[in-house]
Amino acid sequence: LTVTGFDSAWGGTQRGAICDLTVDKQSGAVSIDAPPCAVSWDEAVERVTRYAISSHHVIAIDQGLIVPNSTGMRPVERSLAKALGSMHCSAYPSNRSNTSCFGDDAGIWRFLATLERHSYRHEPLAIPRGESGRFFFECYPHPAIIGMMQLDMILKYKCRHRNAGAWQSLLGFLRSLP
72 LTVTGFDSAW
82 GGTQRGAICD
92 LTVDKQSGAV
102 SIDAPPCAVS
112 WDEAVERVTR
122 YAISSHHVIA
132 IDQGLIVPNS
142 TGMRPVERSL
152 AKALGSMHCS
162 AYPSNRSNTS
172 CFGDDAGIWR
182 FLATLERHSY
192 RHEPLAIPRG
202 ESGRFFFECY
212 PHPAIIGMMQ
222 LDMILKYKCR
232 HRNAGAWQSL
242 LGFLRSLP
């Protein structure tokens, strides 16, 4: 199973980051298939084309994927900010007035269309029981990491923080999972 994490950086001007992990289905061992690297929207879309040869692949996308609201925050973002704001954990508001992220020509829609053309499905609840298939889902990495690692606040592991210790801590934790 290949699991890809994609942080799109939410717009057109900054490069996002992408990382591929391989999970051995028998042992549960996690290894880095492709370390984190910066990508543009075009490079992310091109990578999807390469992934499409895989029979079992999951892409976790750190950006809103269903954004019907024209302004403000989605209810899930409001709930997250209320529950975890004291841990420096909240979500950037997803709304259609942010045209670089969610306008009709935003990179996320082309990325999702490419996934769907390659038979990826937006069915998060089907992922745990799937023995094969191509899936994608919206994720919130910080709250998941806080909960799984039992932290008091976010772990600043992202490339822009240049915090090798935090990244190694996260990798160590992931490798320790059964």
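Under the working numbering, the first residue of the sequence shown carries the number 72, and numbering increases by one thereafter. Even glycine gets a Cβ: it sits at the ideal position worked out from N, Cα and C.
Does the Cβ of ASP113 have 16 or more other Cβ atoms within 10 Å, making it buried, or fewer, making it exposed?
Position 42 of the sequence shown holds residue 113. ASP113 comes out exposed.
Helix, strand or coil at GLU209 [DSSP, three-state]
On the sequence shown, position 138 is the one that residue 209 refers to. Strand, per DSSP.
Are SER111 and GLY76 touching if we call contact CB-CB under 9 Å?
Looking up residue 111 in the sequence shown gives position 40. Looking up residue 76 in the sequence shown gives position 5. No, Cβ-Cβ distance for SER111 and GLY76 is not below 9 Å.
Residues bridged to PHE77 by DSSP?
Walking along the sequence shown from the start, residue 77 turns up at place 6. For PHE77, which the question treats as bridged, DSSP gives the partners ILE89 and ILE132.
Between the alpha carbons of SER79 and GLN221, how many angstroms are there, rounded?
For the purposes of this step, residue 79 is identified with residue 8 of the sequence shown, where counting begins at 1. For the purposes of this step, residue 221 is identified with residue 150 of the sequence shown, where counting begins at 1. Roughly 26 Å separates the two Cα atoms.
Smallest Cα separation from ILE137: which of ASN166, ALA123 and ARG200?
The residue you call residue 137 lines up with position 66 of the sequence shown. With distances taken between Cα atoms, ILE137 lies closest to ASN166.
Rank GLU202, SER150, GLY178 and CYS210 by C-alpha distance to the C-alpha of HIS193 and give the top, closest one.
The residue you call residue 193 lines up with position 122 of the sequence shown. Considering only alpha carbons, the answer is CYS210.
DSSP on ARG233, reduced to helix/strand/coil?
Working through the sequence shown from its first residue, we reach residue 233 at position 162. Coil, per DSSP.
Let me check understanding here. Comparing Cα to Cα, which of THR93, THR84 and GLN85 lies closest to VAL74?
Taking the first residue of the sequence shown as 1, we reach residue 74 at position 3. Of THR93, THR84 and GLN85, the residue nearest in Cα terms is THR93.
Output the boundary residues of the alpha helix (DSSP H) element that contains PRO146.
Taking the first residue of the sequence shown as position 1, residue 146 is located at position 75. Where PRO146 is concerned, the enclosing alpha helix (DSSP H) stretches over 146-155.
Let me check understanding here. Comparing Cα to Cα, which of HIS232, ARG205, ASP104 and SER171 lies closest to TRP81?
Here residue 81 is taken as the residue at index 10 of the sequence shown, counted from 1. TRP81 has its Cα closest to that of SER171, out of HIS232, ARG205, ASP104 and SER171.
Could you say if the region 227-236 and the region 173-188 meet the contact criterion of at least three C-beta pairs nearer than 8 Å?
no
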